[in-house]
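Just so you know, the protein sequences line up as chains A and B, in that order. Counting from 566, one number per residue, gives the positions in the first sequence under the numbering used here. Counting from 26, one number per residue, gives the positions in the second sequence under the numbering used here.
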Amino acid sequence: QKEVEQNSGPLSVPEGAIASLNCTYSDRGSQSFFWYRQYSGKSPELIMSIYSNGDKEDGRFTAQLNKASQYVSLLIRDSQPSDSATYLCAVSEGAQKLVFGQGTRLTINP
Amino acid sequence: DTGVSQNPRHKITKRGQNVTFRCDPISEHNRLYWYRQTLGQGPEFLTYFQNEAQLEKSRLLSDRFSAERPKGSFSTLEIQRTEQGDSAMYLCASSLVAGGAQYFGPGTRLTVL
Numbered sequence: 566q567k568e569v570e571q572n573s574g575p576l577s578v579p580e581g582a583i584a585s586l587n588c589t590y591s592d593r594g595s596q597s598f599f600w601y602r603q604y605s606g607k608s609p610e611l612i613m614s615i616y617s618n619g620d621k622e623d624g625r626f627t628a629q630l631n632k633a634s635q636y637v638s639l640l641i642r643d644s645q646p647s648d649s650a651t652y653l654c655a656v657s658e659g660a661q662k663l664v665f666g667q668g669t670r671l672t673i674n675p
Numbered sequence: 026d027t028g029v030s031q032n033p034r035h036k037i038t039k040r041g042q043n044v045t046f047r048c049d050p051i052s053e054h055n056r057l058y059w060y061r062q063t064l065g066q067g068p069e070f071l072t073y074f075q076n077e078a079q080l081e082k083s084r085l086l087s088d089r090f091s092a093e094r095p096k097g098s099f100s101t102l103e104i105q106r107t108e109q110g111d112s113a114m115y116l117c118a119s120s121l122v123a124g125g126a127q128y129f130g131p132g133t134r135l136t137v138l
């Protein structure tokens, strides 16, 4: 059973600070990695995708991938109250489905 | 709006009844996925279509569940003889390429009384 592990939180971060979210995965063959944001009662919204080792930046978001350590992270700079949500890490299994972690609940405190 | 759409958004049914959900993917996406999400958990994969072919089904998908994608466009997910344990958010997603980003619809929240 392929697994994706995240700390469920809650993670509390002051407004303006950097939020750091982490994820580990078990399948060494995984090639595609995604971060989704999910507000309460809503569906997951894609915010970052990463396919190769290193960092990928998009606005205030940076995804980091280390395939040797089987580790993916998401950094959110200048955190805003609107960033308060559950963040889901997803890893591709083959080319046909995503395996999700249980999500990390993030709260940004004004 | 060219995103993934799902109908209905909410469904309340009594145990033992049949329900059917519909998903319309992003128009140029030939890959369509169904997931189920319960409170406090990440989405769990149910099934996958490439065009009209159903290529994978999760072991989570009991015989009471069936999915179709006629003509490779919209898809339906039917649950027969619903049970209280079927209460969940049913999510549909679509993608353009294998292993690529999947874009989710708003989901259908099912409550079985």
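Think of the CB as a built atom: it goes at the ideal place given N, C-alpha and C, for glycine as much as any other residue. No experiment lies behind these values; they were computed from the predicted model shown.
Measure the Cβ-Cβ separation of residue i and residue j and say whether it is below 9 Å.
i	j	result
Phe46 (chain B)	Leu102 (chain B)	yes
Gln645 (chain A)	Tyr590 (chain A)	no
Gln596 (chain A)	Gly668 (chain A)	no
Asn148 (chain B)	Thr107 (chain B)	No information on residue 148 (chain B) is available, as it lies outside the stretch 26 to 138 that chain B covers here.
Phe129 (chain B)	Leu639 (chain A)	no
Tyr58 (chain B)	Leu663 (chain A)	yes
Gln62 (chain B)	Cys48 (chain B)	no
Ser94 (chain B)	Gln105 (chain B)	First, the amino acid is wrong: residue 94 (chain B) is Arg here, not Ser. No, they are not a contact pair.
Phe599 (chain A)	Ser649 (chain A)	no
Leu71 (chain B)	Ser83 (chain B)	yes
Ser605 (chain A)	Thr651 (chain A)	yes
Gly67 (chain B)	Ala655 (chain A)	yes
Ser100 (chain B)	Cys117 (chain B)	yes
Pro609 (chain A)	Tyr601 (chain A)	yes
Can you tell me which of the three DSSP states residue i falls into?
i	result
Lys96 (chain B)	helix
Gln661 (chain A)	coil
Ser91 (chain B)	strand
Ser597 (chain A)	coil
Pro646 (chain A)	helix
Leu109 (chain B)	This sequence places Gln at residue 109 (chain B); Leu is not what is there. Here Gln109 (chain B) sits in helix by DSSP.
Asp592 (chain A)	coil
His35 (chain B)	strand
Tyr616 (chain A)	coil
Val637 (chain A)	strand
Ile104 (chain B)	strand
Ser52 (chain B)	coil
Val656 (chain A)	strand
Ile673 (chain A)	strand
Ser608 (chain A)	coil
Leu64 (chain B)	coil
Residues in the same chain with beta-carbon distance under 6 Å from residue i, minus the five sequence neighbours each way, listed in chain order, please.
i	result
Pro675 (chain A)	Glu580 and Pro646
Thr627 (chain A)	Asp620 and Leu640
Lys632 (chain A)	Asn618
Ser585 (chain A)	Leu640
Gln629 (chain A)	Asp620 and Ser638
Ser573 (chain A)	Gln667
How many whole angstroms separate the CB atoms of residue i and residue j, which I take to be in contact at a CB cut-off of 8 Å?
i	j	result
Tyr73 (chain B)	Gln661 (chain A)	5 Å
Gly666 (chain A)	Gln571 (chain A)	4 Å
Leu671 (chain A)	Val578 (chain A)	7 Å
Between which residues of its own chain and residue i is the CB-CB distance below 8 Å, once the five residues before and five after are set aside?
i	result
Arg34 (chain B)	Pro131, Gly132, Thr133 and Arg134
Quick one: what's got a C-beta closer than 7 Å to residue i's C-beta in the same chain, skipping five residues either side?
i	result
Ser112 (chain B)	Leu135, Thr136 and Val137
Ile51 (chain B)	Thr27, Gly28, Val29, Ser119 and Tyr128
Asp623 (chain A)	Met613
Asn55 (chain B)	Gln75, Asn76 and Gly97
Gln109 (chain B)	Arg40 and Val137
Leu86 (chain B)	Leu71 and Thr72
Lys567 (chain A)	Ser591, Asp592, Glu658 and Val664
Against chain B: residues of the region 575 to 608 of chain A by CB proximity under 7 Å: Gln596, Ser597, Phe599 and Ser608
Short-range partners of chain B found in the region 611 to 639 of chain A, where Cβ spacing is below 7 Å: Leu611 and Ser614
Selection of the region 640 to 662 of chain A by Cβ proximity to chain B, strictly under 7 Å: Leu653, Ser657, Ala660, Gln661 and Lys662
Within 9 Å of chain A by C-beta, residues of the region 39 to 64 of chain B in sequence order: Arg56, Tyr58, Tyr60 and Gln62
Residues, ordered as in the chain, of the region 70 to 93 of chain B that lie near chain A by beta-carbon distance below 7 Å: Phe70, Tyr73, Leu80 and Glu81
Residues of the region 120 to 134 of chain B whose Cβ lies closer than 9 Å to any Cβ of chain A, in chain order: Val122, Ala123, Gly124, Gly125, Ala126, Gln127, Tyr128, Phe129, Gly130, Pro131, Gly132 and Arg134
Residues of the region 96 to 120 of chain B whose Cβ lies closer than 7 Å to any Cβ of chain A, in chain order: Leu116
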